[in-house]
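Structure first, then comments.
2 protein chains.
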Amino acid sequence: MFKPLLLALGLSMGTGAWAALPSNEPIQPIEPAKITNPAKVELGKQLWFDPRLSRSGFISCNSCHNLSMGGSDNLPTSIGHNWQEGPINSPTVLNSSLNLAQFWDGRAADLKEQAGGPIANPMEMAFTHDLALGVLDSIPQYRASFKKVYGSDTISIDNVTDAIAAFEETLVTPNSRFDLWLKGDKKALNKTELAGYQLFKDVGCTACHNGSAVGGNSFQKMGLVEPYATTNPAEGVAGLTGNDADRMKFKVPTLRNVELTYPYFHDGAYWKLEEAVDVMARLQLGRKLETKQIEQITAFLKTLTGEQPSFTMPTLPPSTNKTPLPQPFNK
Amino acid sequence: MFKPLLLALGLSMGTGAWAALPSNEPIQPIEPAKITNPAKVELGKQLWFDPRLSRSGFISCNSCHNLSMGGSDNLPTSIGHNWQEGPINSPTVLNSSLNLAQFWDGRAADLKEQAGGPIANPMEMAFTHDLALGVLDSIPQYRASFKKVYGSDTISIDNVTDAIAAFEETLVTPNSRFDLWLKGDKKALNKTELAGYQLFKDVGCTACHNGSAVGGNSFQKMGLVEPYATTNPAEGVAGLTGNDADRMKFKVPTLRNVELTYPYFHDGAYWKLEEAVDVMARLQLGRKLETKQIEQITAFLKTLTGEQPSFTMPTLPPSTNKTPLPQPFNK
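Residue numbers (the UniProt record's numbering), protein chains in the order written: chain A, 1 to 331; chain B, 1 to 331.
Following this line, the structure appears as structure tokens:
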């Protein structure tokens, strides 16, 4: 097994990078997306931006996972159909393909399963899968795109969510300054940032925030040492299992691009990264950090901002005389 | 004067195109935008997509003038702050730089004056200019961009709307099939489309829908021959002048990209282009068109769909600890 591994690494990174491989670090670099089916990704991008997947014709995936704003909406909880106040903070879609499961409570196994959720959620896009399919089916260009990608004359919700997931898989953010440092560019971080990273490890943050997404790969109790005070009624994994031990257990969020994904936590109650660091250290690790330590860790966290997705805004195919009309207002 | 004009045309179109110049047609081609200040356009693009110019942090210019959807929202009237139902159909932003004035009633002289309206309109973005400036001023990247473009340390609403207008001026849609035909490509239109164009002229549509935007250059009474039946209370220019003769007088909308900008008229009451053609012919021209004639004119109108704006989705600079928080819900 050793030789092929070396060969594979040699092919993807060049032998020069070998010496700098961050094998002892708890965080690994994010690699750029490899697009194998560009037609599927393009179709997924159109669907991502298409508000006709909502009852109102106003809300698209991008409304709450805005790719101009770190893949989030920068609101405590989202605005849904009829301006309903959402129950939980919109997690970033950036690097979400690296999560072990989707949603804060992990109730969807993968991006494809997740993508169907908001469309049919009465508090979000407030549509149904059948109605969404009816809209898409009435638009010849969509029919042609699905036919091209999936070879079928019938558009299924399975294919809709598959295409959206394929687009989402491209939304990774490589080449953050921290990744450049991990890959051997020792000048990529300054002293404060390096001190922050050291503290981040020493204090114990990497127990949960590790891997290439710096999180996203485990469920943990929010308020391990000290309970988290919130008015948000979300119960976490217990909402699925009914198991009391799972109360307040949430998927550990990624810290990639955390500078862009305020406000923080499942209730979006904290807007300042410094405050979020302080709360985490106290509640999860039983540590009261000094101001300077918080500043150092915050400086480190900001080095996790990677290259944001860069793509051409899609042009959506127009509706036809057969397209069911949007229902923006309750009439 | 003759020689410089010929020279200028020679430079921009090549001498070969001269013979085909559509000098006798009531509609002129749209020319591509010439960007003279790319930094200003880029700043304007960021502002265009930035929902932090709204009270909720959720509504941006692009929410109601969606550049993926013909520069409109494809709703009868728009959804504003707190899901308020807007009073009038969102006109397309595409080619709006060619309009003689902005808004349906022309109450803004130009794009710059228009851009300030929705930000402060309590039914739309529901913010104030001062609060919007406070948000922008709290974000160092915005301050740097404004300083670069306008040379001042203070961000003014004048510069905000100037940058948005500069971006909007790039949103022209050249090279529609009709423009290719105008420029000499006689195969660009088929027989039905050509018959539709001939009818469009013969019936009298070009009395109002002329020029490069095929409209946008005059105010006319909606319901000239026969009154327009609507429940929409908009009074048109009379709302500004108080003059009874201006009742139901609206700016003639552009027909460029009309295939994409449904539903039609100031109340957005008609979704089918064929119906809009029928209504216009009856109410404005006293003509009852036959089904075949309507189909021909509709086919012609669809040749006015030009190249849609193609640009990279912007990345917005993140808020800071000093940025005033959005107020999505009335708390």
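Backbone N, C-alpha and C fix where the C-beta goes; we use that ideal spot for every residue, glycine too.
Which term fits residue i, buried or exposed, when burial requires 16 or more other beta carbons within 10 angstroms of its beta carbon?
| i | result |
| --- | --- |
| proline 122 of chain B | exposed |
| glycine 44 of chain B | buried |
| proline 233 of chain A | exposed |
| valine 277 of chain A | buried |
| valine 225 of chain A | exposed |
| lysine 34 of chain B | exposed |
| glycine 57 of chain A | buried |
| proline 326 of chain A | buried |
| asparagine 190 of chain A | exposed |
| glutamate 124 of chain A | buried |
| serine 31 of chain B | For the record, residue 31 of chain B in the displayed sequence is glutamate; it is not serine. With fewer than 16 Cβ atoms within 10 Å of its Cβ, glutamate 31 of chain B is classed as exposed. |
| glutamate 290 of chain A | exposed |
| aspartate 244 of chain A | exposed |
| residue 332 of chain A | No information on residue 332 of chain A is available, as it lies outside the stretch 1 to 331 that chain A covers here. |
| asparagine 89 of chain B | buried |
| proline 118 of chain B | buried |
| alanine 229 of chain B | exposed |
| methionine 313 of chain A | buried |
| glycine 268 of chain B | buried |
| threonine 254 of chain A | buried |
| threonine 161 of chain A | buried |
| asparagine 37 of chain B | exposed |
| phenylalanine 2 of chain A | Residue placement at phenylalanine 2 of chain A cannot be trusted, given a pLDDT of 38 that sits under 50; the coordinates are not used to answer. |
Name the chain B residues whose beta carbon is nearer than 8 Å to that of residue i?
| i | result |
| --- | --- |
| asparagine 121 of chain A | Residues of chain B passing the Cβ test: none, with the nearest at roughly 16 Å. |
| phenylalanine 265 of chain A | By Cβ distance, chain B contributes nothing, its closest Cβ being about 15 Å from phenylalanine 265 of chain A, past 8 Å. |
| tyrosine 262 of chain A | Pro318, Ser319 |
| asparagine 82 of chain A | Trp83 |
| aspartate 278 of chain A | Neighbours of aspartate 278 of chain A on chain B: none; closest Cβ ~13 Å, over 8 Å. |
Whose Cβ in chain A lies nearer than 9 Å to the Cβ of residue i?
| i | result |
| --- | --- |
| glutamate 85 of chain B | Pro328, Phe329 |
| glutamate 259 of chain B | Pro318 |
| leucine 224 of chain B | The contacting residues do not exist; leucine 224 of chain B stays about 27 Å from chain A at best. |
| asparagine 37 of chain B | Going along chain A, no residue has its Cβ under 9 Å from asparagine 37 of chain B, so there is no contact; the nearest lies around 21 Å. |
Considering only the alpha carbon of each residue, which of the options lies closest to residue i?
| i | options | result |
| --- | --- | --- |
| threonine 303 of chain B | B:Met248, B:Leu100, B:Phe200 | B:Phe200 |
| leucine 131 of chain A | A:Glu259, A:Arg55, A:Thr161, A:His209 | A:Arg55 |
| leucine 316 of chain B | B:Gln220, B:Leu194, B:Gln141, B:Gln284 | B:Gln141 |
| serine 176 of chain A | A:Lys221, A:Ser72, A:Gly223, A:Asn95 | A:Asn95 |
| asparagine 159 of chain B | B:Phe311, B:Asp244, B:Thr173, B:Asp137 | B:Asp137 |
| residue 349 of chain B | B:Asn66, B:Cys64, B:Pro76 | What the structure shows of chain B is the stretch from 1 to 331, and residue 349 of chain B is not part of that stretch, so it cannot be assessed. |
| residue 354 of chain A | A:Arg256, A:Ser72, A:Lys249 | This structure cannot speak to residue 354 of chain A, because chain A is shown only from 1 to 331. |
| aspartate 50 of chain A | A:Gln102, A:Val93, A:Leu100, A:Val135 | A:Val135 |
| glycine 215 of chain B | B:Asn37, B:Gly80, B:Trp104, B:Asn82 | B:Trp104 |
| proline 263 of chain B | B:Ser78, B:Ser152, B:Gly242 | B:Ser78 |
| glutamine 114 of chain B | B:Trp48, B:Lys148, B:Ile155 | B:Trp48 |
| glycine 239 of chain A | A:Lys249, A:Thr230, A:Thr231 | A:Lys249 |
| valine 93 of chain A | A:Ala144, A:Phe167, A:Gln293, A:Gly223 | A:Phe167 |
| cysteine 64 of chain A | A:Gln296, A:Thr261, A:Glu295 | A:Thr261 |
| glutamate 25 of chain B | B:Gln198, B:Asn82, B:Trp83 | B:Gln198 |
| valine 203 of chain B | B:Ile27, B:Gln293, B:Ser218, B:Glu42 | B:Gln293 |
| proline 328 of chain B | B:Glu275, B:Gly80, B:Gly242 | B:Gly80 |
Run down chain A in chain order and give the residues with a C-beta less than 8 Å from the C-beta of residue i.
| i | result |
| --- | --- |
| lysine 272 of chain B | Asn321 |
| methionine 313 of chain B | Leu67, Ser68, Pro309, Ser310, Phe311, Thr312, Met313 |
| phenylalanine 49 of chain B | Ser68 |
| aspartate 130 of chain B | Chain A residues near aspartate 130 of chain B: none, gap ~21 Å exceeds 8 Å. |
For chain C, is any of its Cβ atoms less than 8 Å away from the one on residue i?
| i | result |
| --- | --- |
| phenylalanine 58 of chain B | Among the protein chains in the structure shown, which are A and B, there is no chain C. |
Heavy atom of the ligand NAP less than 7 Å from the Cβ of residue i, yes or no?
| i | result |
| --- | --- |
| serine 176 of chain A | Of the ligands one can find in the structure shown there are none, so the ligand NAP has no counterpart to examine. |
Anything in chain B within Cβ reach of residue i, meaning under 9 Å, just list it in chain order.
| i | result |
| --- | --- |
| isoleucine 164 of chain A | Ordered by position in chain B, no residue passes the 9 Å Cβ test against isoleucine 164 of chain A, which lies about 15 Å from the chain. |
| leucine 171 of chain A | Those do not exist, as leucine 171 of chain A stays about 12 Å from chain B at its closest Cβ, beyond 9 Å. |
| residue 336 of chain A | Past the edges of chain A, shown from 1 to 331, lies residue 336 of chain A, and the structure says nothing about it. |
| asparagine 89 of chain A | Neighbours of asparagine 89 of chain A on chain B: none; closest Cβ ~12 Å, over 9 Å. |
Measure how close the beta-carbons of residue i and residue j come, nearest whole angstrom, since I'm counting them as under 8 Å.
| i | j | result |
| --- | --- | --- |
| alanine 213 of chain A | leucine 98 of chain A | 4 Å |
| threonine 170 of chain A | proline 309 of chain A | 7 Å |
| lysine 112 of chain A | alanine 165 of chain A | 4 Å |
| aspartate 179 of chain B | glycine 306 of chain B | 7 Å |
| cysteine 205 of chain A | glutamine 220 of chain A | That pair is no contact at about 12 Å. |
| serine 319 of chain A | asparagine 74 of chain B | 7 Å |
| valine 237 of chain A | glycine 86 of chain A | Not a contact, Cβ separation roughly 19 Å. |
| residue 333 of chain B | glycine 196 of chain B | Missing from the structure shown is residue 333 of chain B; chain B here goes from 1 to 331 and no further. |
| leucine 283 of chain A | glycine 223 of chain A | 5 Å |
Identify the contact partners of residue i in chain A, using a Cβ-Cβ distance below 7 Å as the criterion.
| i | result |
| --- | --- |
| isoleucine 79 of chain B | Ser56, Phe58, Pro328 |
| leucine 325 of chain B | Trp271 |
| leucine 240 of chain B | Result: empty, since nearest Cβ-Cβ is about 27 Å, beyond 7 Å. |
Segments of 3+ residues assigned as beta strand (DSSP E) that fall wholly inside the UniProt domain "Cytochrome c" (191-305) of chain A:
219-221, 249-251
Would you mind listing the alpha helix (DSSP H) stretches within the region 13-76 of chain A that are 4+ residues and don't spill past its ends, in chain order?
38-49, 61-64
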